[in-house]
Amino acid sequence: MKRFEIRKSSSPFRSLLVSLCLFAAVLGLFLGGIASLVRVSDQEQEDTIRSAVVQSAVHCYSLNGYYPESLEELVKEYGITYDSARFLVDYQPQGANLMPEITVLRKGR
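If you read the sequence shown in this note's numbering, its first letter stands for residue 1, the second for the next number, and so on.
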């Protein structure tokens, strides 16, 4: 008749420990997912900034017959905006009729 008896768990803290471990695992997965999304978002912003600078330089070349002499000219004339606290845009003109070298880097890596 012992099969109908209710057994008590061996330790009262066992279920609490299992719950805390599960919570920590779920929290770790959640925070890892958030960090991954931030990395992907930063990479997409970097690509978008580079694409905008290249397109604006090509647009200037098609209208005027020369590439802009500086990034400041692109910002002023073509309305390029970016977060200069987070990204570094290096614009190196090669000549009036040669595509400039454009590099976009994230700060604080």
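Virtual Cβ for every residue (Gly too), placed ideally from N, Cα, C. Nothing here was measured: the structure is a model prediction, and the numbers come from that model.
Flag this pair as touching only if the segment 90–106 and the segment 44–64 have three or more C-beta atom pairs under 8 angstroms; answer yes or no. yes
If V58 and I80 are in contact, beta carbons under 8 angstroms, what's the gap, nearest whole angstrom? Residue numbering aside, residue 58 sits at position 58 when the sequence shown is read from its first letter. Residue numbering aside, residue 80 sits at position 80 when the sequence shown is read from its first letter. Contact doesn't hold; Cβ gap of about 13 angstroms is too wide.
State the beta-bridge partners of Y91 as determined by DSSP. Here residue 91 is taken as the residue at index 91 of the sequence shown, counted from 1. Bridge partners of Y91: I102.
What residues in its chain sit with their C-beta under 8 angstroms from that of L98, if we drop five residues either side in the sequence? The sequence position of residue 98 within the sequence shown is 98, counting from 1. Within the same chain, L98 has close Cβ partners Y67.
Limits of the unbroken alpha helix (DSSP H) element including Y78: To locate residue 78, count along the sequence shown from 1; it is residue 78. L71 to Y78 is the span of the alpha helix (DSSP H), which, as asked, contains Y78.
Can you find the residues in the same chain that come closer than 8 angstroms, C-beta to C-beta, to A85, ignoring five residues on each side of it along the sequence? Taking the first residue of the sequence shown as position 1, residue 85 is located at position 85. So the list reads K107, once near-sequence residues are dropped.
Would you tell me roughly how many angstroms separate the C-alpha atoms of S19 and F13, rounded to the nearest one? Taking the sequence shown and counting its residues from 1, the one referred to as residue 19 is at position 19. Taking the sequence shown and counting its residues from 1, the one referred to as residue 13 is at position 13. Roughly 10 angstroms separates the two Cα atoms.
Roughly how many angstroms separate the alpha carbons of L88 and G95, rounded to a whole number? Walking along the sequence shown from the start, residue 88 turns up at place 88. Walking along the sequence shown from the start, residue 95 turns up at place 95. Approximately 22 angstroms between the Cα atoms of the pair.
Kindly examine the ligand ZN and report whether one of its heavy atoms sits closer than 8 angstroms to the Cβ of R50. In terms of ligand content, the structure shown is empty, and the ligand ZN therefore cannot be addressed.
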